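Step one of this worksheet: look at the structure below.
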Amino acid sequence: GENVEQHPSTLSVQEGDSAVIKCTYSDSASNYFPWYKQELGKGPQLIIDIRSNVGEKKDQRIAVTLNKTAKHFSLHITETQPEDSAVYFCAASNSPGFQKLVFGTGTRLLVSP
Amino acid sequence: EAQVTQNPRYLITVTGKKLTVTCSQNMNHEYMSWYRQDPGLGLRQIYYSMNVEVTDKGDVPEGYKVSRKEKRNFPLILESPSPNQTSLYFCASSQGLEMFFGPGTRLTVL
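Quick note, the sequences are listed as chains A and B, same order. 155 is the number of the first residue of the first sequence in this note's numbering; add one for each residue after it. 570 is the number of the first residue of the second sequence in this note's numbering; add one for each residue after it.
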């Protein structure tokens with residue numbers, strides 16, 4: 155089955171810096187890659203996703219890139235703000251409807267003022 | 570407000586005492602799922618349901634049961650909880666690409 159690895163496990167940056175979180179997946183049939191943000195005491199929430207027919211997607215300060223050949227995808231956050239501090243999870247899916255998600259182990263991002 | 574609700578939010582229990590964590594969604598979603606979150610292991614799927622009366626095992630189903638008698642409800646049942654089931658549990662629902670998660674239930678089994 156699918157296996158998703160995520161790095162780093164923790165990431166500390168200064169406000170205004172960029173942050174990059176990387177994930178690799180094992181199943182070449184996976185074709186949907188969402189990123190979820192989990193704030194303290196809350197459930198994860200979708201922030202951006204990408205499908206395998208696209209190499210890059212951007213939404214304001216966040217972007218995701220996908221390299222299908224290397225089977226890795228990354229989350230990029232520019233101009234980080236303290237409210238970006240949270241745990242971020244990548245995931246991959248190869249199921250019809252993309253509902254069967256396999257998650258990475260999470261990255262705790264701390265943005266210091 | 571569209572949401573997934575879970576109850577209880579916090580629970581401390583003892584080994585072997587049956588418990589149920591309820592999950593309800595008001596978005597008429599067909600797909601519902603349970604995950605557990607443990608440090609260093611991320612989110613792992615316990616069980617999922619594609620629709621009423623249709624349930625299937627996820628990646629870590631041992632020690633858990635579920636039922637889906639109604640579209641909106643998907644309870645998680647621990648018949649005989651053990652300390653290794655101490656974890657943070659999330660219910661989720663989906664009708665398309667986005668998975669909506671509940672607020673979580675922190676379970677401690679002594």
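Beta carbons are placed, not taken as given, at the ideal position from N, Cα and C, and that holds for glycine. Because the structure is a prediction, the values reported are computed rather than measured.
Between the C-alpha atoms of S662 of chain B and D171 of chain A there is a straight-line separation of about 34 Å. Within 10 angstroms of the beta-carbon of S651 of chain B lie fewer than 16 other beta-carbons, which makes it exposed.
For Q253 of chain A, there is no enclosing beta strand (DSSP E), as DSSP marks it with neither H nor E. With respect to the 8 Å criterion, R675 of chain B and L657 of chain B are classified as neighbours on the basis of their beta carbons. Any Cβ of chain B closer than 8 Å to the Cβ of Q253 of chain A would place that residue at the interface, and such an atom is present. According to DSSP, residue pairing for V621 of chain B in a beta bridge does not occur. L165 of chain A does not reach chain B, its nearest Cβ partner there being about 15 Å away, counting only Cβ pairs nearer than 7 Å. Per the coordinates, the alpha-carbon of S649 of chain B lies some 7 Å from the alpha-carbon of G632 of chain B.
The contact set of L610 of chain B on chain A, defined by CB atoms closer than 7 Å, consists of T259 in chain order.
Using a CB distance below 9 Å, the part of the stretch 187 to 205 of chain A facing chain B consists of P188, Y190, Q192, G195, K196, G197, P198, Q199, L200, D203 and R205, ordered along the chain.
Assignment of P188 of chain A by DSSP, reduced to helix, strand and coil, places it in the strand class. With a threshold of 8 Å between beta carbons, G671 of chain B makes contact with chain A. Distance from the CA of M601 of chain B to the CA of Y242 of chain A, rounded to the nearest whole angstrom, comes to 22 Å. Residue contact with chain B for F243 of chain A: present (Cβ-Cβ distance below 8 Å to some residue of chain B).
Among the residues of the stretch 573 to 601 of chain B, those with a Cβ less than 8 Å away from any Cβ of chain A are V573 and Y600, in the order of the chain.
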